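Quick note, the sequences are listed as chains X and B, same order. Take the first sequence: its letters are residues 1 to 171, numbered as in full-length UniProt numbering. Take the second sequence: its letters are residues 1 to 171, numbered as in full-length UniProt numbering. The block underneath contains the structure these notes are about, expressed in structure tokens.
2 protein chains.
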Amino acid sequence: MPGIDERDREILRILRSNGRITLTELGKKVNLSPASVKSRLEKLERLGAVKGYSAVIDPAFLGNPVTALIFIRLKDVDPYTRSMLRELASLDNVEFLYLKTGDHNVLLKGEFRDMDELREFLKSLKKTFGVNALSIEANLVVEELKNCWLADTHYDSDCGREKDYGKRQRS
Amino acid sequence: MPGIDERDREILRILRSNGRITLTELGKKVNLSPASVKSRLEKLERLGAVKGYSAVIDPAFLGNPVTALIFIRLKDVDPYTRSMLRELASLDNVEFLYLKTGDHNVLLKGEFRDMDELREFLKSLKKTFGVNALSIEANLVVEELKNCWLADTHYDSDCGREKDYGKRQRS
DNA sequence: GCTGAAATTCTGGAGTG
DNA sequence: CACTCCAGAATTTCAGC
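Here you go:
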């Protein structure tokens with residue numbers, strides 16, 4: 001990667017594990033003034049190294065206790081299909097959507113209010129892709145041992161009975 | 001969810017799509033003073049609704065252009081296996097690790113410098129789980145159409161030749 | 001990339017319904 | 001109890017170097 005040094009990468013790594021750290025704190029960690037960190041960060045955002053910032057939310061608190069992984073095998077990914085996929089990606093209960101190698105070429109993770117909503121979603125997928133979808137399969141997420149680069153503040157789908165070793169640090 | 005109202009959920013949704021929004025801005029969006037937003041947010045963090053904050057980083061800029069989805073079928077998930085999984089989750093090239101229903105009961109997403117590193121990783125997985133791993137399969141992520149609840153600022157693994165319709169908004 | 005000063009935001013406590 | 005207001009502290013931001 002041209003124009004990116006180890007300082008920049010360190011900034012990216014820190015920001016990945018603590019997205020709300022202040023520029024001042026970040027500056028202390030990488031031995032740079034807040035202003036310098038800011039200008040580097042602006043560069044990194046401009047270059048697309050930083051896609052955005054997000055809070056990691058337990059979907060149960062948003063009324064979506066059912067998380068599913070959905071695998072789709074598409075016969076071909078033509079421009080028309082891509083527009084469908086783009087639309088799918090824009091849904092606000094879809095966390096991620098990947099094109100991948102392997103038996104199924106699409107993987108999607110979504111949140112649902114209940115099994116009925118998941119069923120409806122699958123039905124609409126079938127309708128959307130029609131004969132182009134050679135196979136659609138859904139798995140339920142039973143437990144998230146890790147999500148999104150955060151440290152061990154893990155949780156269960158059935159409401160964290162886990163020991164709370166280590167509060168998140170923001171200082 | 002007891003003790004969580006629509007205001008709280010709105011805060012969670014906003015924070016999920018913009019993790020670095022300021023309390024003042026957030027307050028404007030939900031018609032609350034910064035101080036109130038702060039106390040609600042503290043409650044939400046205490047309850048575990050907010051797991052943490054993260055920047056979404058293009059792994060290529062960290063020297064890991066290869067992203068893989070790895071499926072594992074474990075014969076059983078006993079306490080010993082769980083400790084292995086926890087260790088796996090703690091690796092800093094592992095983005096997520098789920099237990100799930102279906103043919104393979106573990107799904108992992110990881111970043112790698114190159115194919116060799118991926119191969120080594122798979123080999124170490126085989127060694128770690130031994131005969132308990134009935135199957136280990138790896139797929140490559142070809143394209144991320146969506147990742148982590150951010151809007152359409154999508155990118156390709158092979159360095160964004162995509163049209164840049166829509167800059168990320170932070171205000 | 002740093003400094004310094006102005007603008008903005010954060011934060012904790014007192015006060016209100 | 002949840003909220004607002006307010007003042008001091010911290011952070012962000014931008015100019016100039």
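Using N, Cα and C, we set each Cβ at its ideal position, and we do this for glycine too. None of these values were measured; they are calculated from a predicted model.
Less than 8 Å between the CB atoms is what I'm expecting for F121(B) and M84(B), so what's the real figure, rounded? As a position in the second sequence, residue 121(B) is number 121, starting the count at 1. As a position in the second sequence, residue 84(B) is number 84, starting the count at 1. The Cβ separation is near 14 Å, so there is no contact.
Would you report the Cα separation of I4(X) and N93(B), rounded to the nearest angstrom? Position 4 of the first sequence, counting from 1, holds the residue named residue 4(X). Position 93 of the second sequence, counting from 1, holds the residue named residue 93(B). Their backbone Cα atoms lie some 19 Å apart in a straight line.
Expected contact under 8 Å - CB spacing of L23(B) and K38(B) to nearest Å: Looking up residue 23(B) in the second sequence gives position 23. Looking up residue 38(B) in the second sequence gives position 38. About 5 Å; that satisfies the 8 Å criterion.
Strictly under 9 Å for the Cβ-Cβ distance: is N18(X) near chain B by that measure? As a first step, residue 18(X) must be located in the first sequence, where it is residue number 18. Closer than 9 Å to some Cβ of chain B, the Cβ of N18(X) qualifies, so yes.
Note down, in chain order, each residue of its chain lying with its Cβ closer than 6 Å to the Cβ of K75(B), except the 5 sequence neighbours on either side. Stepping through the second sequence from its first residue, residue 75(B) is reached at position 75. Answer for K75(B): N132, L134, listed in chain order.
Measuring straight from C-alpha to C-alpha, what distance separates D58(B) and E45(X)? Working through the second sequence from its first residue, we reach residue 58(B) at position 58. Working through the first sequence from its first residue, we reach residue 45(X) at position 45. The straight-line gap from Cα to Cα measures roughly 10 Å.
Whose C-alpha, out of E137(B), N139(B), E95(B), L107(B), is nearest the C-alpha of C148(X)? Within the first sequence, the letter at position 148 stands for residue 148(X). Closest option to C148(X), Cα to Cα, is E95(B).
DSSP three-state assignment for R113(B), whether helix, strand or coil: Position 113 of the second sequence, counted from the first residue, corresponds to residue 113(B). If DSSP states are grouped into helix, strand and coil, R113(B) belongs with coil.
Is I70(X) closer than 9 Å to N18(X) when the C-beta atoms are compared? The sequence position of residue 18(X) within the first sequence is 18, counting from 1. The sequence position of residue 70(X) within the first sequence is 70, counting from 1. Not closer than 9 Å, so no.
Classify R20(B) as helix, strand or coil using the three-state DSSP reduction. As a working note, residue 20(B) is residue 20 in the second sequence. Of the three classes helix, strand and coil, the one that applies to R20(B) here is coil, per DSSP.
Work out the CA separation of S54(X) and I136(X) for me, nearest whole Å. Looking up residue 136(X) in the first sequence gives position 136. Looking up residue 54(X) in the first sequence gives position 54. Approximately 29 Å, taken between the alpha carbons.
Taking only three categories from DSSP, how would you classify L134(X)? As a working note, residue 134(X) is residue 134 in the first sequence. In the structure shown, L134(X) sits in a strand (DSSP, three-state: E or B).
For T128(B), name the three-state secondary structure that DSSP assigns. Here residue 128(B) is taken as the residue at index 128 of the second sequence, counted from 1. Of the three classes helix, strand and coil, the one that applies to T128(B) here is helix, per DSSP.
Taking a Cβ distance cut-off of 8 Å, strictly less, list which residues of the segment 49-74 of chain X are near chain B, in chain order. A49, V50, K51, G52, Y53, S54, A55, V56, I57, D58, A60, F61, L62, G63, L69
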